[in-house]
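Okay, so here's the structure we're looking at.
Protein chains: 2
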Amino acid sequence: MSELKDYTVLIEEKLKELNFPSEPQKLYEPIQYILDLGGKRLRPALTLIAASLFRDDTSEAVPAALALEVFHNFTLLHDDIMDKAEIRRGKPTVHKVWNENVAILSGDAAIIKAYELLGQLPDSIFRKVFQVFNETALEVCEGQQYDMNFEEEELVTVPEYLEMIRLKTSVLIAAALKIGGICAGADAADQEILYELGINLGLAFQLQDDYLDVYASTEKFGKTSGGDIVNNKKTYLLINALNSDNKMLVEELKHWINLKDFNPPEKIEAVKKIYEELETGTDTQLQAVSFINNAVELLDSIDADSEKKKPLEELIFKLMYREK
Amino acid sequence: MSELKDYTVLIEEKLKELNFPSEPQKLYEPIQYILDLGGKRLRPALTLIAASLFRDDTSEAVPAALALEVFHNFTLLHDDIMDKAEIRRGKPTVHKVWNENVAILSGDAAIIKAYELLGQLPDSIFRKVFQVFNETALEVCEGQQYDMNFEEEELVTVPEYLEMIRLKTSVLIAAALKIGGICAGADAADQEILYELGINLGLAFQLQDDYLDVYASTEKFGKTSGGDIVNNKKTYLLINALNSDNKMLVEELKHWINLKDFNPPEKIEAVKKIYEELETGTDTQLQAVSFINNAVELLDSIDADSEKKKPLEELIFKLMYREK
Numbered sequence: 000m001s002e003l004k005d006y007t008v009l010i011e012e013k014l015k016e017l018n019f020p021s022e023p024q025k026l027y028e029p030i031q032y033i034l035d036l037g038g039k040r041l042r043p044a045l046t047l048i049a050a051s052l053f054r055d056d057t058s059e060a061v062p063a064a065l066a067l068e069v070f071h072n073f074t075l076l077h078d079d080i081m082d083k084a085e086i087r088r089g090k091p092t093v094h095k096v097w098n099e100n101v102a103i104l105s106g107d108a109a110i111i112k113a114y115e116l117l118g119q120l121p122d123s124i125f126r127k128v129f130q131v132f133n134e135t136a137l138e139v140c141e142g143q144q145y146d147m148n149f150e151e152e153e154l155v156t157v158p159e160y161l162e163m164i165r166l167k168t169s170v171l172i173a174a175a176l177k178i179g180g181i182c183a184g185a186d187a188a189d190q191e192i193l194y195e196l197g198i199n200l201g202l203a204f205q206l207q208d209d210y211l212d213v214y215a216s217t218e219k220f221g222k223t224s225g226g227d228i229v230n231n232k233k234t235y236l237l238i239n240a241l242n243s244d245n246k247m248l249v250e251e252l253k254h255w256i257n258l259k260d261f262n263p264p265e266k267i268e269a270v271k272k273i274y275e276e277l278e279t280g281t282d283t284q285l286q287a288v289s290f291i292n293n294a295v296e297l298l299d300s301i302d303a304d305s306e307k308k309k310p311l312e313e314l315i316f317k318l319m320y321r322e323k
Numbered sequence: 000m001s002e003l004k005d006y007t008v009l010i011e012e013k014l015k016e017l018n019f020p021s022e023p024q025k026l027y028e029p030i031q032y033i034l035d036l037g038g039k040r041l042r043p044a045l046t047l048i049a050a051s052l053f054r055d056d057t058s059e060a061v062p063a064a065l066a067l068e069v070f071h072n073f074t075l076l077h078d079d080i081m082d083k084a085e086i087r088r089g090k091p092t093v094h095k096v097w098n099e100n101v102a103i104l105s106g107d108a109a110i111i112k113a114y115e116l117l118g119q120l121p122d123s124i125f126r127k128v129f130q131v132f133n134e135t136a137l138e139v140c141e142g143q144q145y146d147m148n149f150e151e152e153e154l155v156t157v158p159e160y161l162e163m164i165r166l167k168t169s170v171l172i173a174a175a176l177k178i179g180g181i182c183a184g185a186d187a188a189d190q191e192i193l194y195e196l197g198i199n200l201g202l203a204f205q206l207q208d209d210y211l212d213v214y215a216s217t218e219k220f221g222k223t224s225g226g227d228i229v230n231n232k233k234t235y236l237l238i239n240a241l242n243s244d245n246k247m248l249v250e251e252l253k254h255w256i257n258l259k260d261f262n263p264p265e266k267i268e269a270v271k272k273i274y275e276e277l278e279t280g281t282d283t284q285l286q287a288v289s290f291i292n293n294a295v296e297l298l299d300s301i302d303a304d305s306e307k308k309k310p311l312e313e314l315i316f317k318l319m320y321r322e323k
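The listed protein sequences correspond, in order, to chains E and V.
Residues in the first sequence are numbered consecutively from 0, following numbering that gives the first Met the number 0.
Residues in the second sequence are numbered consecutively from 0, following numbering that gives the first Met the number 0.
Next up, the structure:
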């Protein structure tokens, strides 16, 4: 049995072997650039780990794992334009290094590359994986659209927010696990359990991301701590707080949201204080833990040796108790 | 045997049946909007017509035909952002009606939809079509990147320009024909002839487009006549003229290109006069005719009844002798 670390090393190696054409430079270099920024390689690791539950040799799943990572980076290329994000993993985003047109077009090339990688799967599993991949990819776009819609909405409810992050983040994590299962011959029931596990893991992961933007140290997280507060980003924390019954604190929060002219560290401190009084951070973590518990229960119910479940269990806890 | 018109009617019907989800509205409505703008439906028509060379029942090729049309519209959604185009087929472009983010994301959803349509092909042909589609899609991105690169280059040569339009325009037309052949069981040799025919047809088509932007009437063409001249767009005409030996006229042309402050109709008239003296328009049409002659010869060499070749022949001449 391989450990989580082994899969990550393998993925890094395989990503390096992708060998994008050298010309036109502005089309392919940005894909290499964003892939080289690193990241957790969460999605491909999940695919290989899910495959390892059912089969020792997970090599058949490798093209699918890579396709998911390249697809994920396609979404980052385009999302960073739409969100006007200037920094990704501590480095300038592609549309800042080059320009928006380059980020649009290299993103387009990246999604096609992802499909090309999928095309390396053997016939017996390709069609099924292709179908899951397409459905998921469309849902990810839907999630991003809902996320942008929320920016213009006065009040978003917690269920609306959870549905948005289910689409924007969780379905890809769920698909990564399910596709791993498909590649390794898991039966339909286990495929569905893997998918549900991924949905719960994805929701917990995003809530943790929202939490860490406020409470992680800058150095570890690779982006400015409190950036979501400064930008009034509708995270789980903000939505949770705005839906509170404590009218006084909600008004105070709205005051900070509507303030055009402010000192960023001061706003961060003030909003953090409101979150503390409303126990927003604690609520967020409790909600995340409840999704993690679901994920662990679902893992238990998969028809595979408990010994083989350890890398996935390890990954689940690592994601939950990370500091960045 | 069906006529060209029958195929176009069928494609319009099938496009109407695509039934995009209603929510999120900003994701799917723009795809419907751009598809509803109409257009020649050239690529899907070519797929069905190519299929009809080898098989009377072309219904198996329909999902591929639709995928190519949806893919083509995906490229339009993104190209219009990159080219800052405000008008498409006489109507405001998606990024003008909505905004750039909407055009980016609905474009992304459109390419995924195109793949979903491809997924409806029967197993026996799907893998082969998928491979041609991926290769082509990447080349189209490469062509768009070269086109953007050219904007920043002082002098582009005629061969460089032809290679750019081969990638940006011709390979998709070539793939449309080849995929039609694959769907109808054409042998490898005929598949390659169809591809080459498409390359020549695509080159002729683009040269004709460049020509018509200068010489077609506004009403018929659906966009402002002479727009390419006003914007110094590096078309075949401009590149051909700039590479002329007539230094005096080239200098005059450069004068108009570098002029920041000008009256558009005056610039159009002046540049048209230079083109006339250099016989640029005639050269462009001669070059286009030579590509069309190649296409017709290639059509002759395909192993199919000459009667069955008539709709494709008709389409070739229709494209060549169109007025818009």
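Where is the CB? At the ideal position from N, CA and C, for every residue including glycine.
- V:Ile301 sits in coil when the DSSP states are folded into three classes, being neither helix nor strand.
- E:Gly184 sits exposed, since fewer than 16 C-beta atoms from the chains shown fall within 10 Å of its C-beta.
- Here the stretch 141-158 of chain V does not lie against the stretch 112-123 of chain V, with fewer than 3 beta-carbon pairs under 8 Å apart.
- Annotation for E:Leu196: Leu176, Ala294, Leu297, Leu298 place their beta carbon closer than 7 Å to its own, counting only its chain and skipping 5 residues before and after.
- Comparing alpha-carbon positions, the option among V:Ile33, V:Glu322, V:Pro62 lying closest to V:Asp79 turns out to be V:Ile33.
- Chain-ordered, the chain V residues with CB closer than 8 Å to the CB of E:Asn148 read Pro23, Lys25.
- Counted as a single uninterrupted DSSP element, the alpha helix (DSSP H) harbouring V:Asp78 occupies residues 61-81.
- Taking every protein chain shown into account, the CB of V:Ile238 has 16 or more other CB atoms within 10 angstroms, so this residue is buried.
- For E:Asp227, the closest C-alpha among the options E:Tyr320, E:Asn18, E:Asp82, E:Ser305 is that of E:Asp82.
- For the stretch 61-88 of chain V, the set of positions with a beta-carbon nearer than 7 Å to some beta-carbon of chain E reads His77, Ile80, Met81 in chain order.
- Taking 8 Å as the cut-off, the beta carbon of V:Ala303 is found no closer than this to the beta carbon of V:Tyr274.
- Under the DSSP assignment, E:Pro263 falls in the alpha helix (DSSP H) whose first and last residues are 263-277.
- When the beta-carbon positions are compared, E:Ile172 and E:Arg42 come within less than 8 Å of each other.
- Taken through DSSP and simplified to helix, strand or coil, V:Pro310 comes out as helix.
- Listed in chain order, the non-local C-beta contacts of V:Glu2 below 7 Å within the same chain comprise Pro310, local neighbours out to five positions each way being set aside.
- Spanning the alpha carbons of E:Phe19 and E:Asp35 requires a straight line of approximately 13 Å.
- Annotated as distal: V:Leu14 and V:Glu59, with beta-carbon spacing of 8 Å or more.
- The closest CA to that of V:Lys167, considering only V:Thr234, V:Ala109, V:Val101, is found on V:Thr234.
- V:Glu134 and E:Ile111 have their C-alpha atoms roughly 9 Å apart.
- Taking a contact as a CB-CB distance under 8 Å, the pair E:Ile181 and E:Gln190 counts as one, their CB atoms being some 6 Å apart.
- Under DSSP, V:Arg87 shares a beta bridge with V:Lys90.
- Residue contact check for E:Asn18 against chain V: no CB pair falls below 8 Å.
- Cβ-Cβ distances below 7 Å link V:Leu26 to Leu104, Ser105, Ala108 in the same chain, with the five nearest sequence neighbours on each side left out; the list follows chain order.
- For V:Gly142, the three-state secondary structure derived from DSSP is helix.
- V:Gly118 reaches chain E at Arg126, Phe129, Gln130, Asn133, counting residues in chain order whose Cβ is nearer than 9 Å.
- Rounded to whole angstroms, the Cβ separation of E:Pro158 and E:Ala102 is 33 Å, and the two are not in contact under 8 Å.
- Residue burial annotation: V:Ala49 is buried, with at least 16 other C-beta atoms found within 10 angstroms of its C-beta.
- Interface annotation for the stretch 291-309 of chain V against chain E: empty, criterion Cβ-Cβ distance under 8 Å.
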